[in-house]
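Asks: Number 217 in the working numbering belongs to position 133 of the sequence shown; there are no gaps in the numbering.
Encoded as structure tokens, here's the structure I'll be asking about.
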Amino acid sequence: NEVNMINATLAAFGIDAGTRPAWTMVAGASFVAYGLRTGATQRISDITRLLPELSERLSAARRRPTPVRLREMPLALEVAHPTPAPLDWRGAILRVGAGRMVAGRNYGTTPAADCVIDLAHRPHLLVAGTTGSGKSTVLRMLLSSLAYNAAPESLRLVLVDRKNEDLVPFAALPHVDLAAWTAEDARRAVAAVNAELQRRVDAGTGDWARLVLVIDELAQLDPASLDLLSGILAVGRSKRVHCVVATQHP
């Protein structure tokens with residue numbers, strides 16, 4: 085029914101685009117993505133302007149507010165599942181073990197499976213996406229699961245969030261050595277991680293606690309900090325120094 089409604093609305097406003105049931109992806113009980121195909125000359129911006137109309141019609145059909153979001157690459161109209169059942173991320177966090185992070189759930193497998201990242205095999209992580217795509221939400225899930233499964237003696241965190249927003253609640257964790265919300269504090273935080281890495285390099289070998297530098301929006305670092313970050317990325321793995329970074333501009 086919603087496929088038909090979407091196609092009828094697009095046609096009524098002269099939009100050369102449409103969807104089919106075969107192009108629809110249902111992500112568990114989380115969301116539904118109606119894949120779109122457009123004519124060769126159809127502008128995506130015209131579909132964007134029609135989102136409020138699509139939202140109104142789907143909301144009326146479902147009898148509750150149903151925002152519609154346009155997702156690109158691949159092009160799709162994304163809406164909440166009509167009977168949502170959120171990911172049991174707390175249960176997932178309890179299962180992953182030390183040095184591992186929950187990144188979400190993969191609905192491309194049968195049955196659906198948690199996406200788990202092991203820092204022993206993937207020492208650095210880049211979360212990339214446009215504004216509002218959920219980077220900070222993923223970053224918080226990664227950080228929550230990482231801290232939940234490790235004692236402060238075995239895990240140290242350095243947080244950088246120039247927006248002074250999404251990472252702020254984590255500053256009170258006993259695992260946190262430094263939390264930076266200003267440009268100057270961000271420079272000191274990256275320099276401190278680099279200094280600790282150099283100390284470990286000079287020492288040669290040791291039973292190091294895992295040290296993770298978490299940065300929400302890489303583009304807000306100054307050039308000098310980015311140079312230090314390059315060095316951390318190059319040699320951090322062998323000294324248990326890791327970077328988990330989010331950015332709009334990979």
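Glycine included, each C-beta is placed from N, C-alpha and C at the ideal position.
Write down every uninterrupted run of the beta strand (DSSP E) in the region 241 to 275 whose length is 3 residues or greater and which is fully enclosed by it, in chain order.
Replies: Counting only runs of 3 or more, we get 260 to 264.
Asks: By a C-beta neighbour count over all protein chains shown, 10 Å radius and 16 as the cutoff for buried, is residue 185 buried or exposed?
Replies: Under this definition residue 185 is a buried residue.
Asks: Given residue 208, which residues of its chain have a CB within under 8 Å of its CB, disregarding the five upstream and five downstream residues?
Replies: For residue 208, where only same-chain residues beyond five positions count, the Cβ hits under 8 Å are 317, 320, 321, 326, 327, 328 and 329.
Asks: Go through its chain and collect everything with a Cβ distance to residue 241's Cβ below 6 Å, but skip five positions before and after it.
Replies: Cβ within range, chain order: 259, 260 and 296.
Asks: According to the neighbour-count rule (16 or more other Cβ atoms, all chains shown, within 10 Å of its Cβ), is residue 210 buried or exposed?
Replies: It is exposed - the Cβ of residue 210 has fewer than 16 other Cβ atoms within 10 Å.
Asks: CB-CB under 6 Å to residue 112, same chain, minus the five flanking residues each way: which ones, in chain order?
Replies: Excluding positions up to five away in sequence, the list reads 191 and 196.
Asks: Quick one: give me the first and last residue of the beta strand (DSSP E) that residue 162 is part of.
Replies: 160 to 164 is the extent of the beta strand (DSSP E) around residue 162.
Asks: Taking only the alpha-carbon atoms, compute the straight-line gap between residue 257 and residue 273 and give it to the nearest angstrom.
Replies: Their backbone Cα atoms lie some 16 Å apart in a straight line.
Asks: May I ask you to list the residues that DSSP assigns as paired with residue 324?
Replies: Beta-bridge pairing links residue 324 to no other residue.
Asks: Report the partner residues of residue 38 according to the DSSP bridge assignment.
Replies: In this structure the chain extends from 85 to 334, so residue 38 is not present and cannot be described.
Asks: Would you call the CB atoms of residue 300 and residue 244 closer than 8 Å?
Replies: Contact flag set, yes.
Asks: Quick check on DSSP: helix, strand or coil for residue 299?
Replies: DSSP places residue 299 in strand when its eight states are reduced to three.
Asks: According to DSSP, is residue 102 helix, strand or coil?
Replies: Looking at residue 102 - three-state DSSP - the assignment turns out to be strand.
Asks: For residue 128, is the classification buried or exposed, using 16 other Cβ atoms within 10 angstroms of its Cβ as the cut-off for buried?
Replies: Exposed: under 16 other Cβ atoms inside 10 Å.
Asks: Is the CB-CB distance between residue 118 and residue 90 below 8 Å?
Replies: Closer than 8 Å, so yes.
Asks: Along the chain, where does the alpha helix (DSSP H) containing residue 190 start, and where does it finish?
Replies: From DSSP, residue 190 is part of no alpha helix (DSSP H) but of the beta strand (DSSP E) over 184 to 190.
Asks: Quick one: what's residue 201 bridged to in DSSP?
Replies: In DSSP, residue 201 forms a bridge with 185.
Asks: Would you mind reading off the limits of the beta strand (DSSP E) that contains residue 56?
Replies: The displayed coordinates of the chain run from 85 to 334. Any statement about residue 56 would go beyond what the structure contains.
Asks: I'd like to know whether the C-beta atoms of residue 183 and residue 222 end up nearer to each other than 8 Å.
Replies: Against a cut-off of 8 Å, the Cβ pair of residue 222 and residue 183 comes out as no contact.
Asks: Compare the beta carbon distance of residue 115 and residue 152 with 8 Å and say whether it is the shorter of the two.
Replies: It is not a contact, given that the beta carbons lie outside the stated cut-off.
Asks: When the Cα atoms are used, what is the spatial distance from residue 126 to residue 282?
Replies: Whole-angstrom Cα-Cα distance: 55 Å.
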